[in-house]
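For any residue, its number in this note's numbering is found by taking its place in the sequence shown, counting from 1, and adding 121.
For glycine and all other residues, C-beta sits at the position ideal for the given N, C-alpha and C.
All values derive from a computational prediction rather than experimental measurement.
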Amino acid sequence: MGTPANRLSRRIVLINAVVFTVGTLLLAVSPATVSAPVLLTEIPVLAIGLAVILAANAFLLRRSLAPIDALTDVMARVDLLRGTDRVAPPQGGDLTSLVEAFNAMLDRLETERSTSSGHALAAQEAERRRIARELHDEIGQGLTASLLALRRTADRAPEELRADLHAVQETVRACLDDVRNVARRLRPDMLEDLGLVSSLTALSSELADASDVTVVRSIDPDLPPLSSDVELVIYRVAQEAMTNIARHADAKHVAVGLGREGNAIVLRVRDDGRGGVAEQAVEEGAGIRGMRERALLVGGRLTFRTPEGGGTEVRLEVPL
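Laid out in C-alpha cells, this is it:
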C-alpha cells in the first residue's frame, strides 16, 4: 500500500496523467489543427484547450486534497481543555488513513491529559485536606489556647490594661474564625456529611454574607444519585465561580441553579456584575483552567457566556 505521502503523490501523478491524456485525445480527434509556425487564428484554440486542462486538473486536485483544509482548521483550534471536534474521514480517499491517525492522536492526547489532570487534582485534594487538618489541629488549637490565656490574663489585669487586652483578644478571635473558614473551604466536610445540596446552600449563604449580594437559589433537592467525584467537581466549580464573583464581578444579584436537564446535571452560576465577556474573551487564569480540568475529569462541559442584560453565566453540564 505504501505510506500516505506515497499514495498521495501517485494519485497526483495519476490525475495529471489522466487530464493530459484526455486533453491530448480530444485535440487529436477534434477538427482543430495547429500549423507551424502557429497562426494567429490558432492561438485562441490553444489557449482554450490549455485553460480546460488546467481547470480540470485544479478541480480534481482540489477535491482530492480537500481533507487537508479540514485538518488545518481543526489543528488551529485544538484545545484539550475544551474538547476538540474530530475530522470526518473522506470516503475512499487517499487521506483517510491520515485523518484517522490524526483523530486517534487527539483521542490519545485527551485521554492522557484527563489521566494526568486526574492524578494532579487528586494530589491537590489530598494536599488541601492535609493543610486544612494542620490549620485546624495545630494553628487553630494554638489560637484557641492563646485566646483562653488572654481571657484569663484580662480578668487578672489592672483596669487600665483590660481594654487593650480585650482588643487583642478580639483580634485573636477574628484570626481563629478566619483560620476555621479557610480550613472549611479547603476540606468540604459538609459535602461528605450533608451532601451536595446542603453544601451549595452553605456556599451561597457565605457569598451573600461576605459580599453583601442577593443570592437566589434554585437547587433541586431530588437529584439523582451522583458519584463522589461528580459531587466534588460540581462543588469546586461552584466555589470557584462564587469566589470570582466576590473578587471581581462587583455584582448585586447572583443566581445559583442546580438540576437535571435531560440526561445531564447542570450547574448554573449567574451574576449581574461587570461581565460583558464571551467565552472566547475570558482571560483564563489558573482558576478557570482548573475548573475546565475538573469538568473534563467527569466528562463534563464548562462554558461561559454573557446573558442578555449583562453579567456572566458559568454553566457546567455533567452527563449522567
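Sorted by chain position, which residues of the same chain lie with C-beta nearer than 7 angstroms to residue i's C-beta, five sequence neighbours on each side aside?
i, result
"LEU192", "VAL208, VAL220 and PHE223"
"VAL336", "SER325, LEU328, ALA329, VAL375 and VAL377"
"LYS373", "VAL334, THR335 and ASP393"
"ALA399", "Note that ALA399 scores 41 on pLDDT, short of 50, meaning its location in the model is unreliable; the coordinates nonetheless yield the value given after this. Here the set comprises ARG426 and THR427."
"PRO165", "none"
Hey, out of the options, whose CA is closest to residue i's CA?
i, options, result
"ASN178", "ARG357, LEU135 and GLU255", "LEU135"
"ASP341", "ARG305, HIS374 and ARG389", "ARG389"
"MET363", "ILE386, ASP393 and ASN384", "ASP393"
"ALA331", "PRO165, ASN365 and GLY261", "ASN365"
"HIS287", "SER348, LEU269, GLY411 and ALA370", "LEU269"
"GLY430", "ARG395, ARG413, MET412 and ALA416", "ARG395"
"ASP343", "LEU171, THR236, SER320 and LEU379", "LEU379"
"ALA244", "ARG415, LEU441 and THR427", "ARG415"
"GLU442", "GLY432, PRO345 and ARG184", "Nothing in the structure corresponds to residue 442, since the chain is present only between 122 and 441."
"THR142", "ILE133, ILE174, PRO165 and ALA168", "ILE174"
"ASP333", "ILE409, ALA370, LEU317 and SER339", "ALA370"
"ILE133", "ILE169, PRO165 and ARG184", "ARG184"
"LEU441", "GLY408, THR322, ILE386 and ILE189", "ILE386"
"LEU347", "SER339, LEU317 and ALA323", "LEU317"
Within the continuous alpha helix (DSSP H) that includes residue i, where are the two ends?
i, result
"ARG456", "Residue numbering for the chain in the displayed model covers 122 to 441; residue 456 lies beyond these limits and cannot be assessed."
"LEU379", "Unbroken run through LEU379 is the beta strand (DSSP E), 374-382; no alpha helix (DSSP H)."
"THR322", "317-332"
"ARG357", "349-365"
Can you round the beta-carbon distance between residue i and residue j to whole angstroms, since I take them to be within the 8 angstroms contact cut?
i, j, result
"LEU312", "TYR356", "5 angstroms"
"ALA253", "ALA304", "4 angstroms"
"PHE425", "VAL439", "Their Cβ separation, rounded to whole angstroms, is 16 angstroms, which puts PHE425 and VAL439 out of contact at 8 angstroms."
"VAL293", "GLY261", "Incorrect: roughly 12 angstroms between the Cβ atoms, too far for contact."
"THR265", "LEU307", "With a Cβ gap of about 19 angstroms, THR265 and LEU307 do not count as contacting."
"ARG391", "GLY432", "6 angstroms"
"LEU315", "GLN290", "Not a contact, Cβ separation roughly 32 angstroms."
"GLU361", "GLY411", "7 angstroms"
"ALA275", "ARG283", "5 angstroms"
"VAL354", "GLY421", "7 angstroms"
So, at 8 angstroms on beta carbons, what are the nonlocal neighbours of residue i in its own chain, with the 5 sequence-adjacent residues on each side left out?
i, result
"ASP350", "LEU418 and VAL419"
"SER319", "MET311"
"ALA278", "LEU286"
"GLN401", "Because the pLDDT at GLN401 is just 39, under 50, the model does not fix this residue reliably, and the value given afterwards should be weighed accordingly. For GLN401, where only same-chain residues beyond five positions count, there are no Cβ hits under 8 angstroms."
"ASN137", "ASN178"
Residue range of the beta strand (DSSP E) that residue i falls in?
i, result
"PRO440", "433-440"
"ARG389", "385-392"
"ARG338", "335-340"
"ARG422", "422-426"
Less than 6 angstroms between C-beta atoms, sequence neighbours within five positions excluded: which residues of the same chain meet that for residue i?
i, result
"THR322", "none"
"PHE180", "none"
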